[in-house]
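Chemist: Protein chains in written order, with my numbering: chain A, 50 to 701; chain B, 50 to 701.
There are 2 protein chains.
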Amino acid sequence: MQPKEVIFMDYSLLWLDWKPVDSLPEYTKRIIGLPATRQGKAALRELISGLKAMGSEPEQCGSREPGPAIRLTECRGNDEKVTIRRRGESMEIAGSGRGLLYGVFHLLRHLTLGEAYPVWESSPVYPIRMLDHWDNADGSIERGYAGRSFFFYGGRPVYSERIRDYARLMASCGLNGCCINNVNVHENALKLLTGSYKRELKRISSCLGEYGVSLWISVSFSSPIELGGLPTADPLDPEVRQWWKDTCRQLFSSIPNLAGFLVKADSEGRPGPHSYNRSQAEGANMLADAVSPFGGKILWRCFVYNCTQDWRDTKTDRARAQCDHFAPLDGQFRDNVILQIKNGPVDFQIREPVSPLLGHLEHTNSMVEFQITQEYTGQQQHVCYLLPMFREVLDFHLGHRPRQDTVAESISAVCAVSNTGDNYNWTGHDLAGANLFGFGLLSWDPSANPTEIAREWSILSFGRDRVITETVTDILMKSRSIYEKYSVPLGIGWMCVPGNHYGPSPDGYEYDRWGTYHKATHTEIGVERGPGGTGFTQQYSPGLAAMYASVENCPEELLLFFHRLPYDYRMKDGRTLLQRIYDDHFEGFEESLAMSDAWDALAGRLDPDVFARVQERFRMQLHSAAQWRDVINSWLYRLTLIPDEKGRKIYL
Amino acid sequence: MQPKEVIFMDYSLLWLDWKPVDSLPEYTKRIIGLPATRQGKAALRELISGLKAMGSEPEQCGSREPGPAIRLTECRGNDEKVTIRRRGESMEIAGSGRGLLYGVFHLLRHLTLGEAYPVWESSPVYPIRMLDHWDNADGSIERGYAGRSFFFYGGRPVYSERIRDYARLMASCGLNGCCINNVNVHENALKLLTGSYKRELKRISSCLGEYGVSLWISVSFSSPIELGGLPTADPLDPEVRQWWKDTCRQLFSSIPNLAGFLVKADSEGRPGPHSYNRSQAEGANMLADAVSPFGGKILWRCFVYNCTQDWRDTKTDRARAQCDHFAPLDGQFRDNVILQIKNGPVDFQIREPVSPLLGHLEHTNSMVEFQITQEYTGQQQHVCYLLPMFREVLDFHLGHRPRQDTVAESISAVCAVSNTGDNYNWTGHDLAGANLFGFGLLSWDPSANPTEIAREWSILSFGRDRVITETVTDILMKSRSIYEKYSVPLGIGWMCVPGNHYGPSPDGYEYDRWGTYHKATHTEIGVERGPGGTGFTQQYSPGLAAMYASVENCPEELLLFFHRLPYDYRMKDGRTLLQRIYDDHFEGFEESLAMSDAWDALAGRLDPDVFARVQERFRMQLHSAAQWRDVINSWLYRLTLIPDEKGRKIYL
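What follows is the structure, encoded as structure tokens:
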């Protein structure tokens, strides 16, 4: 069934809805330079329309005309370097077409922030900075909390102006790649590979490309069977290899801006090389060889674990799986394969240690996968600004080398699972826009400051009212810690409702097949992952392994990730483990109430629609935070019958 | 979208697949009598085809011909009385057309059982003996475990030969009513009321009617809004009342065999009179007045409770809801209203006390609703023969009157939620056919013996091999107790996975809104429902109230339904409560293994397809029973840290 007409709802332009700026510098009145590339031309258009929205009426001038101006100098090549220089009262933006785009957006953003001469010389650290969409062909979005897909409708990809604006948003914060379909590739999404939707893909790809954004698609490893009619998808089978080569030749030749494939193989029921007793490297390399002639790359997910574990089995530790599967394969992957590794060893929980696999790939390209769609972090009903967590991960010292050993220095690309959908505000919760914008800035410069990003995002989104900026920045910066306090305690993870992952269910995953257990009794809680337990700590470099293995030295926020402990274990501040958890849960709720009150105090300062939408989300958050507080506390109280020292209400 | 063609899968005729019978009596060779009614003619057809299948070649003769014969004597009227007399070597079946049907099926069944002269004089105790289908217009079945609907396909009702065979199956075991659509009335099912599917309904109704089965439909209380375009569904609003009258006039005049409506109002989000501050009686009576001119009846469900309860609220007890809502209304309902009351006060758990509401309706018609679709009793992956439970309920003395105080004597109709679907064997698990057949026999005669029913069903289904009969009867008779032992302990209920209700999740409903809690701590478990607790016990007659309120006198199998108790509470046999639960769970699994072995021993005796299907179900049952055993035991062990006295394996 094919829709007659695709209607997408009205939508906001988010931070690209430039606001008037008082006393713009004189140079904003004149623009010199006529870029030749599509990206350069887009940069010029953005500059003109942005300045107009800010209150200037820029003229396009010849290079000899007098007076301050913005000069766009388009350089050859296709690199992403950008330079913004001040020359007297004028500014020059120099770069390739893509560089000009980044430069123009930088200038516009910083003019909005009140900087008259935002000089800048920058190159992105990573050549691939992308968003992964878990959009299905039917328009639904797996783990999407902001409406339906704007890439797919009624079983097929569709082009709309919204995609153009999405590309603009990406470019404006430094992102350059976009995988448009879910890693779980089903039904019509399979056919993206074989050109059934070539026309639509080409149109989308071209539009993204104008803003320097490459198109990626997720493909199924068993496509030779599903689409090619072959009896096998064995990566060493000559027919299979030929099928992939032929298929890639046709696809890449018709979609010029296609960068490659994202593959979830041998993971949660997806097919993969293990079905044929081949290694992950053999699987990935076969695809890498097929895309290589066209400059394509393979992003190969490392989310491989036993998802049909028996909960009675205490030998298997899901946290170990990534390293166990991939560390021995270091050096066996082609140069155009990048291993995509979730930031933690399990799955996007509110608190996990950094994935130890990131330290084991000396001779293999790797990238970190973050998740800005808030699957386990409040599903965009709770505010949870994730940039501080991402910085923790990027700054983490893996300890395998004497220097340049941080995650940021070890990887060659970054991506995040997108939090967007067709809601008016793109992200469901207006404040979740900060994660989208912030991930972009961090992907360009992994040393970017989350507080500064929050402040900038607030000003771009809500204007320069200092009360708003301070309030929003404060809410954002506190939000992750608050969510963590009232939700899952001390890194133990997985106390959420099975399936939808929203709200508390302390035993929800306890007797299930997902390898995520706490095994709480009335005296103890947690799984021991030190050398006396599952040995997971030994996957880290020696210093880290020793630190995590030691109950005393383990960072307290990860205590229950690594250790099984009695409830009366004494924390560093003298409180018992149990009392710490009670305290966190009461405090977390109180702090979310304070955030909500702080937002309420912005009444009258903000656009009433934005104000009301976020107010409604805070109402939802408070309801859910109370449920988290009371369920976790009651559950622990029923187990232990140890009351809260401060006598606060715990329900029997 | 309308399907071009409806294809139903092949299906078995179950116990109507008459098998050859050795040494049939001489009278089976001749049939005298030509019934005039549709039902009488159907009886004659069934008799001829049944006897043929058994090995006779009956001739239809004039009444004067010599020799033994079966004489069908059709009486006037439409009652359901049937008489089978022996006259010398001949047999006479006398009754109305419907009576003849019941008589013919009785004769055929008993010939198969080996009785040469099954004389019988019987009338059904209840005029309404029906099955409720929770079939949706889209063909799905709520809580259906045997495939898709055979009443609905692609959004509309459809007629097929399977419905005729279904009517034959119903008549053959004494059932006379069938509500074809789900009590949760949505989408196209709404329109059954307004004649959109008049043609299809008429066809279905006519076919059912030929076998003495009345058609019922479920309707939405807010139909005047949804279908009539009125602004309200207030039962006292004149326009609303007129709309229902007009609608009923049109519907009943076009569907002659329509008996009335089943209504789920003010229940789990369904609209009802409470929305307009009207009583349940005002709502039901308004509909009763609308159907009354056409002899119609209203079956009004009493499943009214607060399904958005806060788990922190310990005042509200869902078990009380039926009595609290309906007992005060006794005597206020019209004569053509029948209150439909689930057998227990909560919701079809494997063990509940009898609903106390059944004792409070001196001046109101009531019916018991059983559930033969195994929502909470193993979903037709586990064998669970429910007739012993149904007999317990029917035999239960409510204690409000000195005599005739059993449930069976207090009600005026019975129904069960059907366990059928379009699977080849109708019920998913072949052995679940015994619940369908058995409910029919029990609905005709509430004093029927479950063991005898099981034996009869086995012979009709699998032939007269005595080993099969004994094995199947033994399995069926033990099955409920076995399921109870390894699943939810001692009447506490609800330890199933939320939503789908299959498999264990001890805390699954604990912090949710459904009013179903155990509040287990490491020392105690259960909700106290005595006078010192929620007071639910006081809804029973004084003797029962005192018995249930007393921990010592409360039947042990219901101990945790009524009481909150410490794990070291001593049961009558000296075991602790906890040890009793451990023992039950280990024994329940072992006993299910023994059932499975007993089935395996039938290899070679049974039709190989039947044998293999049931064997596969036992495999599923054992897997699930082990999960129940281990999860319940582990959960209790983790709470209490008290080991099993016999040292059997409990997983941490």
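No residue lacks a Cβ here, since even glycine has one placed at the ideal position from N, Cα and C. It should be emphasised that the depicted structure is a prediction, and the values quoted were computed from it without experimental measurement.
With the cut-off set at 7 angstroms, would you say D366/A and F585/A are in Cβ contact?
Modeler: yes
Chemist: Decide if M644/B is buried, meaning its Cβ has at least 16 other Cβ atoms within 10 Å, or exposed.
Modeler: With 16 or more other CB atoms across the displayed protein chains lying within 10 angstroms of its CB, M644/B is buried.
Chemist: Suppose you measure from the CA of A675/A to the CA of Q329/B; what does that come to, to the nearest Å?
Modeler: 35 angstroms
Chemist: Return no unless some Cβ of chain A is closer than 7 angstroms to the Cβ of D556/B.
Modeler: For D556/B, the nearest CB of chain A lies under 7 angstroms from its own CB, placing it at the interface with that chain.
Chemist: What residue does the beta strand (DSSP E) around C464/A start on, and which one ends it?
Modeler: That run of the beta strand (DSSP E) goes A462 to V466.
Chemist: If we cut at 7 angstroms on Cβ distances, does R361/A have a partner in chain B?
Modeler: Yes, because at least one Cβ of chain B sits closer than 7 angstroms to the Cβ of R361/A.
Chemist: By the criterion of Cβ-Cβ separation under 7 angstroms, what are the contact partners of V6/A in chain B?
Modeler: Given that chain A is displayed from residue 50 to residue 701, the structure contains no residue 6/A and the question cannot be resolved.
Chemist: Taking only beta-carbon positions, decide if T570/A is within less than 7 angstroms of chain B.
Modeler: Residue-level contact by beta carbon holds for T570/A and chain B, with a gap shorter than 7 angstroms.
Chemist: Buried or exposed: where does H155/A fall if 16 or more other Cβ atoms within 10 Å of its Cβ makes it buried?
Modeler: buried
Chemist: When you compare the CB of Y700/B with every CB in chain A, is at least one pair closer than 7 angstroms?
Modeler: yes
Chemist: What separation, rounded to the nearest whole angstrom, lies between the Cα atoms of D359/A and P591/A?
Modeler: 31 angstroms
Chemist: Return the residue from the list Q628/A, M526/A, K568/A and K621/A that minimises the CA-CA distance to R613/A.
Modeler: K568/A
Chemist: For the stretch 502-520 of chain A against the stretch 570-586 of chain A, do three or more pairs of beta-carbon atoms, one drawn from each stretch, fall closer than 8 angstroms, so that the two count as touching?
Modeler: no
Chemist: Considering only residues of the same chain and omitting the five flanking positions on each side of L685/A, which have a CB-CB separation below 7 angstroms?
Modeler: L627 and I630
Chemist: Only counting runs of 3 or more residues, tell me where the beta strand (DSSP E) segments fall wholly within the stretch 126-153 of chain B, in order along the chain.
Modeler: 131-136 and 139-144
Chemist: Please identify, using Cβ separations under 7 angstroms, the residues of the stretch 610-629 of chain A that lie next to chain B, in order along the chain.
Modeler: none
Chemist: Can you find the residues in the same chain that come closer than 6 angstroms, C-beta to C-beta, to N385/A, ignoring five residues on each side of it along the sequence?
Modeler: A337, S341 and K346
Chemist: With H, G and I counted as helix, E and B as strand and the rest as coil, what does DSSP make of P553/B?
Modeler: strand
Chemist: Taking C-beta to C-beta, are W64/A and M103/A nearer than 7 angstroms?
Modeler: Not a contact, by the Cβ cut-off of 7 angstroms.
Chemist: Is R662/A close to chain B, meaning its C-beta is less than 7 angstroms from at least one C-beta of that chain?
Modeler: no
Chemist: Under 7 angstroms between the Cβ atoms of G540/A and G223/A?
Modeler: no
Chemist: On the CB-based measure, 16 or more other CB atoms within 10 Å of its CB, does K621/B come out buried or exposed?
Modeler: exposed
Chemist: For the putative contact between I531/A and S641/A, defined by C-beta atoms under 8 angstroms, what is the C-beta separation to the nearest angstrom?
Modeler: 5 angstroms
Chemist: Please report how far the alpha carbon of E54/A lies from the alpha carbon of Y208/A, in whole angstroms.
Modeler: At E54/A the pLDDT is 49, less than 50, meaning the model places this residue with poor confidence; the figure from the coordinates comes in the next sentence. Looking at the two C-alpha atoms, the distance is approximately 11 angstroms.
Chemist: State the Cα-Cα distance for the pair H182/B and A186/A, rounded to the nearest angstrom.
Modeler: 35 angstroms
Chemist: Is it buried or exposed, A91/B, if we count other Cβ atoms within 10 angstroms and call 16 or more buried?
Modeler: buried
Chemist: For F439/A versus T413/A, is the C-beta spacing smaller than 7 angstroms?
Modeler: Result no, Cβ atoms of F439/A and T413/A do not sit closer than 7 angstroms.
Chemist: Could you check what DSSP says for P176/B in three-state terms: helix, strand or coil?
Modeler: Coil, per DSSP.
Chemist: In its own chain, which residues sit with a C-beta less than 8 angstroms from the C-beta of Q51/B, not counting the 5 before and 5 after it?
Modeler: In this predicted model, Q51/B has a pLDDT of only 44, less than 50, meaning its place in the structure is not dependable; the value taken from the coordinates is given anyway. Closer than 8 angstroms at Cβ, skipping near neighbours: G203, G204 and R205.
Chemist: Quick check on DSSP: helix, strand or coil for D512/B?
Modeler: The amino acid at residue 512/B is misidentified as Asp; the sequence shows Gly. Reduced to three states, the DSSP call for G512/B is coil.
Chemist: Quick one: what's got a C-beta closer than 6 angstroms to P273/A's C-beta in the same chain, skipping five residues either side?
Modeler: Non-local beta-carbon contacts of P273/A in its own chain, meaning distances under 6 angstroms to residues more than five positions away in sequence, involve L279, A282, V289 and W292 in chain order.
Chemist: Tell me which same chain residues have a C-beta within less than 7 angstroms of the C-beta of P547/A, skipping the five on either side of it?
Modeler: S554, G557, Y558 and D561
Chemist: Are there 16 or more other CB atoms within 10 angstroms of the CB of K698/A, so buried, or fewer, so exposed?
Modeler: Exposed, since its Cβ has fewer than 16 Cβ neighbours within 10 Å.
Chemist: Quick one: grab the DSSP three-state call for Q18/B.
Modeler: Coverage of chain B is limited to positions 50 through 701, which leaves residue 18/B absent and any answer about it impossible.
Chemist: Could you work out which residue in K695/A, T689/A and E694/A is closest to L701/A when comparing CA atoms only?
Modeler: T689/A
Chemist: Is G203/B helix, strand or coil when you go by DSSP?
Modeler: coil
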